[in-house]
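Here's the structure, in structure tokens; my notes come after.
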Amino acid sequence: MQRYFLQSEFNDQQQATITGEDGKHIVRVMRMTVGDQVIAVSGGEAYISTIIELLEDGVVIQRREGSLKTSEMPVHVTIACGLPKGDKLDLIVQKGTELGMAGIVPFEAERSIVKWDAKKGDKKVERLRKIAKEAAEQCHRTVIPNVAPPASFKQLIAQSESYDVLLFADEEDAKSGNPNRMAERLKNVYPEQTVLTVFGPEGGLSRNEAEALRSAGFSPIALGPRILRTETAPLYLLSAISYEFE
């Protein structure tokens, strides 16, 4: 059954209108008609809903009572990743959404080769948000991960104050004789907490950044004995947290 995120809440009659790209998809691509059913997501809850009226570019739906079981991860994990090359950020957003991340904050790291083009930035963020929305629909989530505009490293440190648990992936820690294993760090993480984990771009975090993160209250974690690519490391973490809590 197709899943759609509503742009507005259900009204007092438990009805809602789906228009825009989603409405066109229902009418012109899926060729649904009155009586067909969709899953409508509103306010973090998913409901089986029946189409009761066709519009030119959308439909009116009536929701059933009782929401569906949530598929959200019990720990709210936000990924902060140094701006990577090419389309790697697209991949992290798409697969990270499938693996349950709550949000992503790209940031300009010392070793980021890519520099964010402010003139094209809004369109890039809009595209990433569309990727997150489509991935959330595909994997039957009830929340679309938040895709934040790129931040500076200083802004990232400031934003970290609103999270319960602060971590950063440190390959130098992984190479040490006594690495801070992820399993040990996760013993101090509990359901409903918010977790911010920082990953470097290609080349990793600089030592200056690592020390600044430590000073800001971040704890280093090792992601195993192998050096992971910048697009692989966040997915490794999300998989491990899913295994631990789900």
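For what it's worth, the working numbering labels the leading residue of the sequence shown as 46, then goes sequentially. Every residue gets a Cβ at the ideal spot worked out from N, C-alpha and C, and that includes glycine.
- Beta-bridge analysis with DSSP links Cys-184 to no other residue.
- Comparing alpha carbon positions, the residue from Glu-182, Phe-152, Leu-136 closest to Pro-194 is Phe-152.
- Separation of Thr-64 and Lys-164 (C-alpha to C-alpha, rounded to the nearest whole angstrom) is 29 Å.
- In the DSSP secondary-structure assignment, Gln-82 is bridged to Thr-95.
- DSSP places Thr-242 inside the beta strand (DSSP E), whose first and last residues are 239-244.
- Residue pairing by DSSP leaves Glu-171 without any beta bridge partner.
- DSSP lists Cys-126 as the bridge partner or partners of Pro-151.
- By the C-beta density criterion, Leu-231 is buried, having at least 16 other C-beta atoms within 10 angstroms.
- For Thr-142, the enclosing alpha helix (DSSP H) has its first and last residue at 133-143.
- Straight through space, the alpha carbons of Ala-125 and Ala-61 are spaced by roughly 35 Å.
- Short of 6 Å from the beta carbon of Gln-139, and not among the five residues preceding or following it, lie these beta carbons of its own chain, in chain order: Ile-176, Ala-180.
- Contact check for Ile-266 against Asn-233 fails: the beta carbons are separated by 8 Å or more.
- Only residues of its own chain outside the window of five on either side were considered, and among them Pro-119, Val-120, His-121 have a CB closer than 8 Å to the CB of Glu-237, listed in chain order.
- Our two residues, Ser-94 and Arg-109, have alpha carbons roughly 6 Å apart in a direct line.
- Rounded to whole angstroms, the Cβ separation of Leu-113 and Ser-287 is 20 Å, and the two are not in contact under 8 Å.
- Rounded to whole angstroms, the gap between the alpha carbons of Leu-282 and Ala-203 is 23 Å.
- Ranking Val-210, Pro-190, Val-240, Gly-269 by CA distance to the CA of Asn-223 puts Gly-269 first.
- Comparing C-alpha distances from Ile-84 to each of Thr-123, Asp-209, Glu-182, Leu-136 shows the shortest one belongs to Glu-182.
- Going by beta carbons, Pro-129 and Pro-246 fall inside the 8 Å limit.
- Setting aside the 5 residues that flank it on each side, Gly-148 is surrounded in the same chain by Thr-123, Pro-190, Asn-191, each with a C-beta closer than 6 Å to its C-beta; the list follows chain order.
- Comparing alpha-carbon positions, the option among Phe-198, Glu-117, Glu-66, Lys-69 lying closest to Val-150 turns out to be Phe-198.
- Secondary structure of Leu-280 (DSSP, three-state): helix.
- Annotation for Val-159: Leu-128, Pro-129, Lys-130, Pro-246 place their beta carbon closer than 8 Å to its own, counting only its chain and skipping 5 residues before and after.
- Spanning the alpha carbons of Glu-155 and Arg-48 requires a straight line of approximately 40 Å.
- Burial check for Thr-275: the Cβ neighbour count within 10 Å reaches 16 or more, so the residue is buried.
- Taken through DSSP and simplified to helix, strand or coil, Ser-251 comes out as coil.
- Around the beta-carbon of Glu-217, fewer than 16 other beta-carbon atoms lie within 10 Å, marking it exposed.
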